[in-house]
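*Asks:* Before I ask anything, here is the structure I am working with.
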Amino acid sequence: MISNIFKVQRIKLYCILLFFLFFGCKSITVLPTNKPISNVNVNALIDKINNNSTKFNNLKSRIRVTYDDGKKKELIIVQLRVKSDEIIWLSATMLVPIAKAIILKDKFRFYEKFQKTFLEGDISYINSLLKTKINYNNIENLLFGKSFVDLKNYSWKQISSSKNYILISKGKKNLFNPTLFFNPVNFLLEEQRIFLPDISEVLRIQYLNYINIEDNNIPQTIRISLIYEGVLRSIELEATNINFPNKLNFPFEIPKGYKKLDI
């Protein structure tokens, strides 16, 4: 009798162990699926996303930039050069060259040819103008399909969805309150929404399609939209001629006679 009791208890114990082994592993392992797993382990998902992120040293591209506020459309062609985690260089044309900018880890420089003005300073100057807290990494991440903020520096909660893995930030200290939408098949970022506290509006960034070049998934079309002063304003970026050169130069010199922009 006692022997039978021990056998039953042992069977129960094995069942409990198998239950936790199976479901525990299921919650940690994140595999590509057509639909998101509702009980996914968020930390494991973040690891999968980070392992899948774009990694390059140098990038060069041509970008077609379209601005639309419902009343007017403007088209600008931008030559983009990036040294990852160090330099973003842009040269804009509208039939003729009109402006150039360079963004470094701690400072930026910009000039435009119409009014012959320039602007330069450190990143804190931009933050004081916009009343926000952005850095170089935020800008580079936005361009290349990465979360605007470092995923590891935030706490996240999964929101139930039949289409995407949706992560929202937790905690009161999150300035931008980001919401992130990831594809469950390839774990690429499809959309992120960022709260802009100064104007109490949400900036929406959609990654409409990606192109795979040398094992890097690069956003080919990005749509950035914002409702400001009751008007929907959008900027669409279409990247072409993307390549990863071994060497890049970043020529930048403010022409003589230009006046500093007074903002």
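In my numbering, the protein residues as written are 4 to 266. Just so it is clear, CB atoms sit at the ideal spot from N, CA and C, and this is done for glycine as well.
(1) Specify, as a first and last residue, the run of the alpha helix (DSSP H) that V45 falls within.
(2) I'd like the span of the alpha helix (DSSP H) that includes I142, first residue to last.
(3) Please tell me whether S164 and P39 are closer than 8 Å, where the distance is taken between their beta carbons.
(4) Can you check the region 72 to 143 for any beta strand (DSSP E) of at least 3 residues that lies completely inside it and give the ranges in chain order?
(5) If you run the structure through DSSP and keep just helix, strand and coil, what is N156?
(6) Taking the beta strand (DSSP E) that T243 falls in, what are its first and last residues?
(7) Taking the Cβ atom as the reference point for each residue, do K149 and L251 lie within a distance shorter than 8 Å?
(8) Work out the CA separation of Y128 and K51 for me, nearest whole Å.
(9) So F59 packs on N249, CB below 8 Å; how close in whole Å?
(10) Between the Cα of R196 and those of N246, Q209 and N53, spot the shortest distance and give me the residue it belongs to.
(11) Using a 10 Å radius around the Cβ and a threshold of 16 neighbouring Cβ atoms, would you call P254 buried or exposed?
(12) Compare the C-alpha of V205 against each of T57, P100, E232 and F185 and name the closest.
(13) For I90, which of I105, V81 and L240 has the nearest alpha-carbon?
*Replies:* Concretely, from the data shown:
(1) Judged by DSSP secondary structure, V45 falls within the alpha helix (DSSP H) whose first and last residues are V45 to N54.
(2) Y139 to L146
(3) yes
(4) 76 to 86, 90 to 97, 99 to 107, 110 to 115 and 120 to 125
(5) helix
(6) V234 to N246
(7) no
(8) Here the alpha carbon of K51 sits roughly 36 Å from the alpha carbon of Y128.
(9) At roughly 11 Å, the Cβ-Cβ gap does not stay under 8 Å, so F59 and N249 are not in contact.
(10) Q209
(11) exposed
(12) E232
(13) Scanning I105, V81 and L240 for the CA closest to the CA of I90 turns up I105.
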